[in-house]
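*Asks:* Residue numbers (our numbering), protein chains in the order written: chain R, -11 to 136; chain V, 226 to 527. My structure is below; once you've seen it, I'll send some questions.
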């Protein structure tokens, strides 16, 4: 049996809605992963510290507050600054289509909107793990084309 | 891997985290790691290096630990925490949620002195997986002065943490049954200290009296029983001071060795490369349990 992935699911910024993050965390758990949930209202620095200390392979960011254009790139920059280039980052929440290309450019490999089946997120995890250089600070141009 | 070990010695947290993963995944052995890191420092006669914080689910272990860590880190100690949560026996997955309660790891002044790592039980039985013993050795040899193991929420008979820690602190809460519960045999007998948390709720004082009385009926000196409220911070400073210098109750040496023996035995079984095949054979009914133990090599012919 291969070892489970360690995945941090985080809620950056002033945003009290975590139903989505919990549903995703639960789906990842039920697929056999070890999911570390940060709890609400974390700063970018706190999230990056958690990813580092927990040696996570993946980081999932959830935002429903509209601040994703500020918070997601900040997390990505800090990860790169700390040399955590191989961590694979994905995001979800209320994120308009027009905002997504900027986020992909920061190294985020998938954005999932409302209505995404959890099975799609699991497929993404599998594929991202098999894709070379898919970490946040690595040079792959690949990203997942999500259905919602 | 040697590079990670060397960078961990130079203080890189990332390399420390990666080293612990390698130990957890059995991609290096503790002997290989210690051959680079150097030996585990010996504990001084009457101070502990490892402390297990255990108790039923929801009594407030994580919140309480957050308060204790804040006190200890403020006194300048460097403390590592291995926070254990259960893995699903069905899928192997786990939701590790102890970080949610921890504020000390976000404190700009104190966070350098605290290392918190969430650990899933994986295949192990009991409230602490035995691999935690090796993870503890890594942390101690890298200069973390104390290691606190927060167990899975544990029931009355869950005493496996006794195999891995120098001291056992049991967290209790109010409204956990009448005086008879305090008299029952099990986990409380091995406690070096008891914290009755949620002292702001009715019944906490009564429960701590019952536990104290129960200890006084026994032989030898009674371990300290203290009231705390992790929510309001009451009693935390006192508890932190008492626990830091806690001596062993010495009541349970035999029981501890029993747990160590059982843990060691379980580890041999779980780490056997034949395990997965043997489980398949057992499920098919093609071998018996005794044969499986023979094949793993833990049961010898008489």
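Glycine included, every Cβ here is placed at the ideal spot set by N, Cα and C. Everything numeric in this text was worked out from a predicted model, so none of it was measured.
When the Cα of residue -10/R is compared with those of 335/V, 356/V, 347/V and 374/V, which residue comes out closest?
*Replies:* Residue mapping note: residue -10/R aligns to position 2 of the first chain, counting from 1. If we check each option's Cα against that of residue -10/R, 347/V comes out closest.
*Asks:* Which residues in chain V sit within 7 Å of residue 34/R, going by Cβ to Cβ distance?
*Replies:* Against the first chain, residue 34/R aligns to sequence position 46. Neighbours of residue 34/R on chain V, chain order: 331.
*Asks:* Exposed or buried, which one is residue 527/V when buried takes at least 16 other CB atoms within 10 Å?
*Replies:* Reading the second chain from its first residue, position 302 is the one you call residue 527/V. Confidence at residue 527/V is low in this model, with a pLDDT of 48, below 50, so its placement is unreliable and the value that follows should be read with caution. The residue is exposed, with fewer than 16 neighbouring Cβ atoms inside 10 Å.
*Asks:* Figure out for me which residue from 28/R, 41/R, 74/R and 63/R has the closest Cα to the Cα of residue 325/V.
*Replies:* For this step, residue 325/V is matched to residue 100 along the second chain. Among 28/R, 41/R, 74/R and 63/R, the Cα nearest to that of residue 325/V is on 28/R.
*Asks:* Quick one, which of 494/V, 391/V and 508/V has its alpha-carbon nearest residue 522/V's?
*Replies:* By 1-based counting over the second chain, the position of residue 522/V is 297. Checking every option, the nearest Cα to that of residue 522/V belongs to 494/V.
*Asks:* Given a cut-off of 7 Å, decide if residue 277/V and residue 312/V are closer than it, judged by their beta-carbon atoms.
*Replies:* Numbered from 1 along the second chain, position 87 holds the residue referred to as residue 312/V. Numbered from 1 along the second chain, position 52 holds the residue referred to as residue 277/V. It is not a contact, given that the beta carbons lie outside the stated cut-off.
*Asks:* In angstroms, rounded to a whole number, what distance separates the CA positions of residue 435/V and residue 446/V?
*Replies:* Counting from one through the second chain, the residue named residue 435/V turns up at place 210. Counting from one through the second chain, the residue named residue 446/V turns up at place 221. Rounded to whole angstroms, residue 435/V to residue 446/V spans 16 Å at the Cα level.
*Asks:* Relative to the C-alpha of residue 73/R, which residue among 0/R, 46/R and 5/R is closest?
*Replies:* Locating residue 73/R in the first chain gives position 85, counting from the first residue. When each option's Cα is compared against that of residue 73/R, the closest is 46/R.
*Asks:* Beta carbons nearer than 8 Å to chain R: which residues of the segment 332 to 343 of chain V have them?
*Replies:* Taking 8 Å as the Cβ-Cβ cut-off against chain R, the residues of the segment 332 to 343 of chain V that qualify are 336, 340, 341, 342 and 343.
*Asks:* Along the segment 286 to 320 of chain V, where does the CB come closer than 8 Å to a CB of chain R? Name the residues.
*Replies:* Listed by position, the residues of the segment 286 to 320 of chain V near chain R (Cβ gap below 8 Å) are 312, 313, 316, 317, 318, 319 and 320.
*Asks:* What residues in the segment 39 to 54 of chain R have a beta carbon less than 7 Å from any beta carbon of chain V?
*Replies:* Here the close residues are 40, 41, 42 and 43.
*Asks:* Three Cβ pairs or more, each shorter than 8 Å: is that satisfied between the segment 303 to 318 of chain V and the segment 447 to 461 of chain V?
*Replies:* The segment 303 to 318 of chain V, when compared against the segment 447 to 461 of chain V, does not touch it at the 8 Å Cβ threshold.
*Asks:* At a Cβ cut of 8 Å, what residues of the segment -10 to 21 of chain R count as close to chain V, listed as they run along the chain?
*Replies:* Correct list: -9, -8, -6, 13, 14, 16, 17, 18, 19, 20 and 21.
*Asks:* Residue 60/R and residue 79/R: beta carbons closer than 7 Å?
*Replies:* Working through the first chain from its first residue, we reach residue 60/R at position 72. Working through the first chain from its first residue, we reach residue 79/R at position 91. Result yes, Cβ atoms of residue 60/R and residue 79/R sit closer than 7 Å.
*Asks:* Residue 373/V: which of 238/V, 314/V and 293/V sits nearest, CA to CA?
*Replies:* Mapped onto the second chain, residue 373/V falls at position 148. The shortest Cα separation from residue 373/V among 238/V, 314/V and 293/V belongs to 293/V.
*Asks:* Which chain V residues are close to residue 26/R, counting only those with a beta carbon under 8 Å from its beta carbon?
*Replies:* Translated into positions along the first chain, residue 26/R becomes position 38. Within 8 Å Cβ-Cβ: 324 and 325.
*Asks:* Can you name, in chain order, every residue of its own chain whose Cβ lies under 6 Å from the Cβ of residue 62/R, other than the five neighbours on each side?
*Replies:* Looking up residue 62/R in the first chain gives position 74. Answer for residue 62/R: 32, listed in chain order.
*Asks:* What do you reckon, is the C-beta of residue 229/V under 6 Å from a heavy atom of the ligand FMN?
*Replies:* As for the ligand FMN, it is missing from this structure, which has no ligand bound.
*Asks:* Residue 71/R versus chain V: which residues are under 8 Å apart at the beta carbon?
*Replies:* Position 83 of the first chain, counted from the start, is the residue given in the question as residue 71/R. Chain V residues near residue 71/R: 239.
*Asks:* So, using beta-carbon positions, are residue 416/V and residue 393/V closer together than 7 Å?
*Replies:* For the purposes of this step, residue 416/V is taken as residue 191 along the second chain, with counting starting at 1. For the purposes of this step, residue 393/V is taken as residue 168 along the second chain, with counting starting at 1. Contact: yes.
*Asks:* If I'm right that residue 44/R touches residue 97/R with Cβ under 8 Å, what's the distance once you round it to whole angstroms?
*Replies:* As a first step, residue 44/R is located in the first chain; it is residue number 56 there, counting from the start. As a first step, residue 97/R is located in the first chain; it is residue number 109 there, counting from the start. Contact flag wrong, Cβ pair sits at about 14 Å.
*Asks:* Would you check if the segment 297 to 306 of chain V and the segment 336 to 344 of chain V touch, i.e. whether three or more CB-CB distances between them fall below 8 Å?
*Replies:* Counting Cβ pairs under 8 Å, three or more are found: they touch.
*Asks:* Assuming residue 309/V and residue 377/V are in contact, meaning their beta carbons sit under 8 Å apart, how far apart are those beta carbons, in whole angstroms?
*Replies:* The residue labelled residue 309/V in the question sits at position 84 within the second chain. The residue labelled residue 377/V in the question sits at position 152 within the second chain. Right, their Cβ atoms sit about 5 Å apart.
*Asks:* Within 7 Å (strictly less), CB to CB, does residue 508/V reach chain R?
*Replies:* Working through the second chain from its first residue, we reach residue 508/V at position 283. Not an interface residue.
*Asks:* Between residue 38/R and the rest of its own chain, which residues show a CB-CB distance below 6 Å, the 5 nearest in sequence each way excluded?
*Replies:* What you label residue 38/R is simply residue 50 of the first chain in a count that begins at 1. Within the same chain, residue 38/R has close Cβ partners -4 and 26.
*Asks:* Check whether the Cβ atoms of residue 126/R and residue 87/R sit closer than 7 Å, and answer yes or no.
*Replies:* Within the first chain, numbered from 1, the residue matching residue 126/R stands at position 138. Within the first chain, numbered from 1, the residue matching residue 87/R stands at position 99. Going by C-beta atoms, residue 126/R is not nearer than 7 Å to residue 87/R.
*Asks:* Quick check: what's the CA-CA separation for residue 368/V versus residue 517/V?
*Replies:* Indexing the second chain from 1 puts residue 368/V at position 143. Indexing the second chain from 1 puts residue 517/V at position 292. So the alpha carbons of these two residues sit roughly 41 Å apart.
*Asks:* Per DSSP, what kind of secondary structure is residue 40/R in: helix, strand or coil?
*Replies:* For the purposes of this step, residue 40/R is identified with residue 52 of the first chain, where counting begins at 1. Reduced to three states, the DSSP call for residue 40/R is helix.
*Asks:* Rounding to the nearest angstrom, what Cα-Cα distance links residue 246/V and residue 322/V in this structure?
*Replies:* Working through the second chain from its first residue, we reach residue 246/V at position 21. Working through the second chain from its first residue, we reach residue 322/V at position 97. Using only the alpha carbons, I get a separation of about 18 Å.
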